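To convert a position in the sequence shown, counted from 1, into this note's numbering, add 56.
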Amino acid sequence: MTIHRGLAGVVVDTTEISTVVQQTNSLTYRGYPVQELAAHRSFEEVAHLLWYGELPDSGQLRDFQARERAQRPLDRSTSELLARLPETCHPMDVLRTAVSFFGAEDATEDDGSPAAHRAKSLTLLAKLPTVVAADQRRRRGLDPIPPDPELGHAENFFHMCFGGVPDPEVVRCFEISLVLYAEHSFNASTFTARVVTSTLSDLYSAVTAAIGALKGPLHGGANEAVMHMLAEIGDPRRAEEWLARALADRRKIMGFGHRVYRHGDSRVPIMQDALDRLVARATDPEATRLAALHTALRHAVLTHKGIHPNLDYPAGLAYHLMGFDPPAFTPIFVMSRITGWTAHITEQLAHNALIRPLASYAGPDQRAVPTVAG
Ligand SMILES: CC(=O)SCCNC(=O)CCNC(=O)[C@H](O)C(C)(C)COP(=O)(O)OP(=O)(O)OC[C@H]1O[C@@H](n2cnc3c(N)ncnc32)[C@H](O)[C@@H]1OP(=O)(O)O
Ligand SMILES: O=C([O-])CC(=O)C(=O)O
């Protein structure tokens, strides 16, 4: 029996949603290169593509946007629940709890059809940013700002976080990050969602579990961890020395390495370009210092360990420069990946097979239970 720890290299099913080809460093969503989608399409159009298999025409996009904008507000019971959660819990715990609560509250029939799933998916796409923004404000001691139905998805998120919409170039960089984070085949959180779905459980349970899987620093949690690591290093001149010690201590360098890509993550050049534009327009010298440190560490890791950055590396610093707090970085990833997860939930149900692998037993040989003395 061959053991594949971590399921490395194991092909468990087919998918029509996206493909990651490590040999050519390419990533396509429904056949379209992600580079082209990031350059020319909005996040809402990409969500439609992932869910329906095609980009929307203008009428479909208008309808999609109208439904998304209408569902952004949170009801009173959700706001009250979120206000009661301790501020010591991580924002990913808040998001996980919110999705679980949405599931408990949703009394609409779930007949397992793609139409029912797409309606629930759109509700989550619309409401998750409202939760993330309200939670970031609460931690800063500020009241929530209601969503503005006149604004697009990305603009509205800035409005709810900061009470204003920044320069269009900043909004565009943010939207690019959402497009890049939207989908990545059978990654750990998507696979988690597919495992839960394979038992014929409901969509909210699958998404709640996926959020838990994304939270870990070996997966989505790395974008937040990148900022903590840069803060620990502090100075670009310390990057080499810090790295040598971290590698000697067998630490994982956050934002580097990937299970599938061995020669660099296909999404990094696009996100790095967006990050460079953010750095170029920043007036704060702190931004230049952080960018120099970011570059110094990237060169050091490549030179001394031969490992390339993954998407979390440029995205982490980009979110910092946009003004978001590091604990909100992985929740922003969720706001995007909700599209990929739910596309996979629908696909899993369409050709369902219970996911249940085998294990090679390595415990004690069979033995008799001792009789209880006395
Ligand atoms: C959006 C995303 O989820 S992208 C991933 C985000 N996660 C991170 O950035 C966390 C840091 N990276 C890692 O921990 C890993 O690269 C992973 C988990 C992403 C992928 O790991 P795997 O495919 O399991 O590879 P594995 O961990 O076995 O690494 C292979 C070798 O490269 C080393 N390596 C890989 N990534 C790193 C890293 N970031 N820092 C230091 N060493 C690394 C490993 O130590 C191992 O070396 P060894 O053979 O000498 O022991
Ligand atoms: O594919 C993976 O293993 C992790 C990743 O990059 C993602 O989920 O975007």
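In this text, a Cβ means the ideal position worked out from N, Cα and C, and glycines have one as well.
The model shown is predicted, which means the values in this text are computed figures rather than measured ones.
Run of the beta strand (DSSP E) containing residue i, from where it starts to where it stops
| i | result |
| --- | --- |
| V76 | S74 to V77 |
| S82 | S82 to Y85 |
Contact set for residue i: own chain, Cβ-Cβ below 8 Å, skip 5 residues either direction
| i | result |
| --- | --- |
| G290 | L349 |
| A64 | R315 |
| G277 | M148, L270, K271 and T386 |
Same chain only: Cβ atoms within 6 Å of residue i, ignoring 5 sequence neighbours per side
| i | result |
| --- | --- |
| V150 | L141 and D191 |
| P200 | A190 and R193 |
| T75 | T84 |
| Q127 | T179 and A182 |
| P292 | A348, L349 and A352 |
| P170 | T402 |
Of the residues the options, the one placed nearest residue i, counting alpha carbons only
| i | options | result |
| --- | --- | --- |
| L181 | G208, G219 and L303 | G208 |
| T402 | N366, R97, S135 and W107 | W107 |
| T255 | T164, E211, P185 and G168 | G168 |
| P203 | L130, D329 and R118 | L130 |
| L259 | V357, R294 and A160 | A160 |
| L236 | A154, F99, S177 and P147 | F99 |
| G396 | L353, F157 and H173 | H173 |
| P370 | T253, A347, E72 and E211 | A347 |
| F120 | E296, H355 and S177 | S177 |
| M326 | A418, A269 and P89 | Reading off the sequence, residue 326 comes out as Ile, not Met. Residue P89 is the option with its Cα nearest to I326. |
| G197 | F218, A429, T427 and E72 | F218 |
| H355 | A300, R97, E72 and L334 | A300 |
| D69 | N243, A238 and M378 | N243 |
| S257 | R61, L334, S156 and T344 | S156 |
| H104 | A94, R228, L93 and L117 | L117 |
| A95 | D329, A175 and Y417 | D329 |
| V188 | F214, P170, V67 and E206 | F214 |
| M216 | F380, A429 and V425 | F380 |
| L274 | W298, D368 and I363 | D368 |
| G87 | V66, E110 and V67 | E110 |
| E186 | T164, E165, E211 and A163 | Checking the sequence, you will find Thr at residue 186 rather than Glu. Comparing Cα-Cα distances from T186 to each of T164, E165, E211 and A163, the minimum goes to E211. |
| E296 | V335, T359, A287 and S392 | T359 |
| V102 | I394, E342, I59 and S135 | I394 |
N-terminal and C-terminal residue of the alpha helix (DSSP H) that residue i is part of
| i | result |
| --- | --- |
| T253 | A244 to S254 |
| D149 | P147 to E161 |
| N279 | A278 to I289 |
| I394 | F385 to A406 |
| I363 | I363 -> no alpha helix (DSSP H), and no H or E assigned at all. |
| Q127 | That residue, Q127, is in no alpha helix (DSSP H); it is neither H nor E in DSSP. |
| Y369 | D368 to M378 |
| Y317 | Run containing Y317: none; DSSP gives neither H nor E here. |
| S261 | L259 to K271 |
| A172 | P170 to R195 |
| V335 | V324 to R337 |
| H104 | F99 to Y108 |
| E231 | P224 to Y237 |
| H60 | No alpha helix (DSSP H) contains H60, which DSSP labels as neither H nor E. |
| R301 | A295 to A304 |
| A94 | V90 to H96 |
| M216 | H209 to F218 |
Same chain only: Cβ atoms within 7 Å of residue i, ignoring 5 sequence neighbours per side
| i | result |
| --- | --- |
| K361 | L303 |
| E124 | E100, L178, L181, A182 and H209 |
| V390 | L151, L184, I267 and L270 |
| S241 | T71, S74, T75 and V76 |
| A384 | P147, V188 and Q192 |
**Item:** Touching by the beta-carbon criterion (3+ pairs, under 8 Å), the region 260–267 and the region 132–145
**Value:** In short, these stretches do not touch, since the Cβ pair count stays below three.
**Asked** Counting pairs of beta carbons, one from the region 278–289 and one from the region 305–313, are three or more of them closer than 8 Å?
**Response** Contact between the region 278–289 and the region 305–313 is present, because at least three Cβ pairs lie under 8 Å.
**Item:** Residues whose Cβ lies closer than 5 Å to any heavy atom of ligand 2, in chain order
**Value:** H240, N243 and R315
**Asked** Three or more beta-carbon pairs under 8 Å between the region 245–264 and the region 74–85, yes or no?
**Response** no
**the region 371–378 touching the region 228–237, judged by at least three CB pairs closer than 8 Å** = yes
**Asked** Using 8 Å as the Cβ pair cut-off and three pairs as the minimum, do the region 213–224 and the region 402–417 touch?
**Response** no
**Prompt:** Is there contact between the region 393–409 and the region 319–330, where contact requires at least three CB pairs shorter than 8 Å?
**Reply:** no
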